[in-house]
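Using the numbering used here, read the sequence shown as starting at 225 and increasing by one per residue.
Beta carbons are placed, not taken as given, at the ideal position from N, Cα and C, and that holds for glycine.
These notes concern the structure reproduced below.
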Amino acid sequence: MRRSIAVLAAGLAVGLVAPLPIALADSGSSGLGSGSASGSGTGSLSGSGGGTSNLPPYSQWISDVTTVANAARTYLTTVLPGKTKPAIVFDVDNTVLETTYHPGPITPAIPPMLQLAQWAKSQGASLIFVTGRPALLSFYTQINLSAVGYSVDGLYGGGLTTGSSGAAALADYKTATRASIEAQGYTIVANIGNSDSDLSGGHALQTFKLPDYNGALV
């Protein structure tokens with residue numbers, strides 16, 4: 225979920241000089257009606273290891289992510305039809321972008337997650353991204369997401385110190401943000417992330433945890 229200041233600064237510099245994507249989605253600040261959902265289920269995949277040196281090869285990580293993405297798609301196939309204003313909330317780093325394995329000014333999408341997001345969008349789901357990155361970087365983050373193929377129906381960033389204030393503070397921020405999304409009239413049918421702080425606190429019908437290999441992949 226967090227990346228080095230150097231990489232973010234480089235990415236921001238590229239974002240500031242790069243042309244805007246043809247279609248930039250809204251920032252997640254649109255005002256809609258009220259709605260709510262309570263967290264209930266969990267789909268997860270546990271990894272092993274205890275430090276960054278214990279991360280698996282890229283191919284194994286993609287295989288592990290694909291397992292969770294497939295489970296999410298199976299679930300969404302049953303829940304999306306007929307749902308009013310369905311939304312999926314995604315974390316960003318190591319959930320939809322390959323932040324650790326392939327860092328760079330424009331970080332690549334994680335292929336199985338991009339496929340899931342594009343399919344869900346075609347089924348009527350709004351794609352909303354809630355990240356611990358500072359909101360000051362939202363312009364760059366949205367350019368990155370759009371450039372690699374994600375539709376962005378909402379993007380929420382934290383404060384300058386949200387990502388470094390500990391898991392509890394990050395979880396509180398993300399929980400409050402999901403509550404705010406629900407207050408705009410969305411039903412959050414799924415919340416997907418790779419850390420417990422992405423998923424705790426409810427305000428989603430179902431959660432799906434991508435591998436973090438016991439905290440080695442943050």
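(message) Does the structure place the segment 317 to 334 close enough to the segment 366 to 380 that three or more beta carbon pairs sit under 8 Å?
(response) yes
(request) Assign residue 408 to one of two classes, buried (16 or more other C-beta atoms within 10 Å of its C-beta) or exposed (fewer than that). (result) Along the sequence shown, one-based indexing puts residue 408 at 184. It counts as buried.
(request) May I have the straight-line CA-CA distance separating residue 280 from residue 360, to the nearest angstrom? (result) The sequence position of residue 280 within the sequence shown is 56, counting from 1. The sequence position of residue 360 within the sequence shown is 136, counting from 1. Taking the straight line joining both Cα atoms gives about 32 Å.
(message) Beta-carbon within less than 6 Å of residue 314's beta-carbon, same chain only, minus the 5 sequence neighbours each way: which residues are those?
(response) For the purposes of this step, residue 314 is taken as residue 90 along the sequence shown, with counting starting at 1. Cβ within range, chain order: 320, 353, 416.
(message) Using only CA atoms, which one of 428, 411, 393 lies nearest to residue 306?
(response) Along the sequence shown, one-based indexing puts residue 306 at 82. Nearest option by C-alpha distance: 411.
(request) Please report the residue range of the beta strand (DSSP E) in which residue 379 lies. (result) Looking up residue 379 in the sequence shown gives position 155. Here the beta strand (DSSP E) through residue 379 covers 378 to 382.
(message) Measuring alpha carbon to alpha carbon, tell me which residue in 427, 396, 310 is nearest residue 377.
(response) Position 153 of the sequence shown, counted from the start, is the residue given in the question as residue 377. Residue 377 has its Cα closest to that of 310, out of 427, 396, 310.
(message) Can you look up residue 436 in the DSSP assignment and give me helix, strand or coil?
(response) Counting from 1 along the sequence shown, the entry for residue 436 is found at position 212. Coil, per DSSP.
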